[in-house]
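Adding 576 to a residue's 1-based position in the sequence shown gives its number in the numbering used here.
For every residue, glycine included, the Cβ atom is placed at its ideal position computed from N, Cα and C.
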Amino acid sequence: MENVFTDSVEESEVARRDERGRAGSGVLTRSLQLLIGAIAAGVVFFYLQFSTDAILDVDGYYHIRWSRLLWEGMLAGKFPPAFPYLPLTTLNPQDYVDHHLLFHFLLIPFTWFGDLRLGAKTAAALFGTLGVLACYWLILRYRVSYPPVWLVALLGCSAPFLYRLSMTRAQSVSLIFMVAGIYLLFERRYWLLAPLAFLYVWTYSLFVMLCAASVIWAGVVMWSEWHTDPKFIRRTLVAPLATAIGTVAGFVINPYFPDNVRLFVAHLLMKAKATEFTTSVGMEWYPYESWYLLGSCLVAFAAMLVGYVAFDGTDKKRAARTLFFLVFSTILLIITARSRRFVEYWPPFAVLFAAFSLQPLLEGERRAVGARLSAVVLDELQPFLDRHERPKVSDETRRREYWKMALAGVAAAALSIPMIGNVTGVAREISNDQPPAAYRGAMEWVRANVPKGEMVFNTDWDDFPKVFFYDTDHVYATGLDPTYLLNQNPELSKLYVEITLGKNNYDAGPVIRERFGARYVFSDKEEVHDDFYFKALDSGWFEKIYEDDYAAVLRIREQKGAPTPDTEGAVPGATPDAELEDDVDEPDSGVEEGAPPSDEGQPQQQP
């Protein structure tokens, strides 16, 4: 009897060691899969990023330059540093709010490269890689079957998704915050949502998605567990409560409080009706054409369809995570159809929805056995079973596994086709971006010849990031978002639109000088501003003092004179080279030495 007991104990210990060995092997396998995922995503995003010399999306020029100024201000003991560059807008010196503050902190190490352009591009590629990797990690963490298939699906889910995650903007970091929040919800570590929400508020205005996710999860848990757990209501409400506490703290414990609250409310009100703007805004606020959205996000749409078909809510508790992704991804799909700026969020969550929906089907009988007997119970019963050794795998089971692997390989191969198409298509689109030095010549002339602190009237709000990148010695009429000027001064915004589109039936020169406080005009060579440009030269109020292939600088005369011929009067500028030198002169970090805006945030009147 003693020998039997001893043998049983030894066999139980062997079983436990085998279980630990399998667990260790599983961790090693998932770590290797995560490494492979990081390499694959890194190859894609670095390839896309360096398909052009330019910083993808003009806002990246602002983000990297401001991050550098932020760092210089901190070194000089000025935090937060002054932002005098848009005195006529909501972001005037008295009311400026950096609502991407933590993102700009994350960019600071990339400003140490010496070449800000290279630093911005490296940061964008790295953050894009980490964004996709976060989604892939969630698949590995919850042991979703055939992770390589889902990796290919994530990388090929949407062309606009790849494009927007390649920008030097906060959306990649925002995606990481979302995944982290979902993980905390799934693990029911609700109070950790508070510090996460706090950091999210400091990083990006889409922290509201984390608030929405916590509410959705609370509803899902109520649906799945209210019959079995009488305390479900109190525990479930901790998630949205913790998120709300962290969000409020992020607003209040903030160097820009209470102006950050005002700016957030203004953002919310101005963008609530995305199709009813009274001024032209960035294309990201408008919807995609339906057929383009379908074609460019085909894998994401297919994933949604698969998820809907495969979803099984019979076992409510087991289906909770899948139901969360169903609701969350559906909401993201709806708002993506309304505004293209959400296309960096919906496609990856559509893939996650499909992955979690299919998991019960992919696991098959193994899941059913595991539901009946846990691993611990099986280990305890093992010494008393007739067979102690691991059962041999039958030929039929082996063949079934081979077929599953083969089908997974076919699925990965099929998904690689749209992935390759999306990657190459986005690379072609990126390669056609405007050269990074397009406005360099004009702004170097302005820095050298226009007194510091003067207002420069830029004829397009989205030119601001690039002119700011090359010249922080001057201030500008508008930038970053046209609603900033509209919200601060609707009448001035109306004048700006009329003048820059050439719709004015009055001389623009005196109006720009008296109402905007500017004696100099920077105009790009985009066709949309041709009417302004030629009307200005014909008016006799402007003289052309600099011109190259990409931009022109005009000076407003003190008195009306003879019209300026388009081909005369300008200092010719060389066409910017496609390749930049690494030793680009750094503009000064402020306007202290010149004539800054007045204390009221308005430019001084020019003589």
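Hey, how far is the Cα of residue i from the Cα of residue j?
| i | j | result |
| --- | --- | --- |
| Y1052 | A1018 | 14 Å |
| L1071 | Q609 | 57 Å |
| R1004 | V620 | 13 Å |
| T665 | F1118 | 25 Å |
| D1036 | G871 | 31 Å |
| D891 | L899 | 11 Å |
| R894 | L761 | 15 Å |
| D1159 | P1086 | Bear in mind that the predicted position of D1159 carries a pLDDT of just 41, short of 50, making it too unreliable to give a figure here. |
| F932 | V720 | 7 Å |
| L645 | V927 | 39 Å |
| R641 | G795 | 43 Å |
| R740 | L817 | 32 Å |
| L731 | S607 | 19 Å |
| D1057 | D1038 | 7 Å |
| R745 | A700 | 7 Å |
| L768 | V837 | 23 Å |
| D829 | F737 | Before going further, note that residue 829 is Ile rather than Asp in the sequence given. Their backbone Cα atoms lie some 33 Å apart in a straight line. |
| A614 | P685 | 21 Å |
| R975 | L983 | 12 Å |
| Y672 | H680 | 15 Å |
| T605 | A789 | 30 Å |
| W778 | V1032 | 31 Å |
| L772 | A616 | 28 Å |
| D835 | G1116 | 43 Å |
| H639 | F840 | 19 Å |
For residue i, count neighbouring C-beta atoms within 10 Å of its own C-beta (all shown protein chains included) and say buried if the count is 16 or more, exposed if not.
| i | result |
| --- | --- |
| L881 | exposed |
| P723 | buried |
| M981 | exposed |
| V986 | exposed |
| P831 | exposed |
| Q1135 | exposed |
| E1030 | buried |
| G757 | buried |
| V755 | buried |
| R693 | buried |
| V725 | buried |
| A1138 | exposed |
| W1021 | buried |
| I993 | exposed |
| W793 | buried |
| Y1082 | exposed |
| G822 | buried |
| N1034 | buried |
| Y637 | buried |
| P1027 | exposed |
| K1120 | buried |
| Q670 | exposed |
| V1129 | buried |
| L683 | buried |
| G826 | buried |
Measuring alpha carbon to alpha carbon, tell me which of the options ends up nearest residue i.
| i | options | result |
| --- | --- | --- |
| A1024 | Y712, F918, D1114, Y1122 | Y1122 |
| L1077 | K1111, K1042, G1093 | K1111 |
| Y862 | D888, D1100, I911, H639 | I911 |
| S866 | D674, S992, W767, R916 | R916 |
| G1093 | L786, R1131, L678 | R1131 |
| F689 | L682, T698, F681 | T698 |
| L775 | H1050, A617, D1107, L677 | L677 |
| W799 | G636, R897, I821, E763 | R897 |
| E939 | Y718, S627, W802 | Y718 |
| L782 | L706, Y712, E920, S742 | E920 |
| L1113 | W647, V1097, L682, G889 | V1097 |
| A735 | Y868, L716, G826 | Y868 |
| Y759 | A1084, G1001, I715, V603 | I715 |
| I1006 | K654, I996, T628, G695 | T628 |
| F753 | M743, E763, M785, S742 | M785 |
| Y623 | S742, L706, L651 | S742 |
| E763 | Y1015, S748, Q747, R811 | R811 |
| W517 | H675, P657, P924, C873 | Here the chain covers residues 577 to 1183 and nothing more, so residue 517 does not appear. |
| H675 | R1133, Y780, M650 | Y780 |
Would you grab the beta carbon distance between residue i and residue j for me? Rounded to a whole angstrom, and I think it's under 8 Å.
| i | j | result |
| --- | --- | --- |
| A913 | C733 | Their Cβ separation, rounded to whole angstroms, is 16 Å, which puts A913 and C733 out of contact at 8 Å. |
| A988 | V728 | 5 Å |
| V634 | K1042 | 6 Å |
| L934 | A886 | 5 Å |
| L908 | W922 | 4 Å |
Next on the checklist: So within the region 964 to 1051, which uninterrupted alpha helix (DSSP H) runs reach at least 4 residues, ignoring any that extend past its ends?
Outcome noted: Within the region 964 to 1051, the complete alpha helix (DSSP H) runs of at least 4 residues are 971 to 1007, 1016 to 1025, 1040 to 1046.
Checklist entry - Going along the chain, which unbroken runs of the alpha helix (DSSP H) with 4 or more residues stay wholly within the region 1079 to 1120? => result List check, alpha helix (DSSP H) in window: 1084 to 1091, 1106 to 1115.
Checklist entry - Which full runs of the alpha helix (DSSP H) of 4+ residues lie inside the region 730 to 772, going along the chain? => result Within the region 730 to 772, the runs of alpha helix (DSSP H) that reach at least 4 residues and sit entirely inside it are, in chain order, 735 to 741, 747 to 763.
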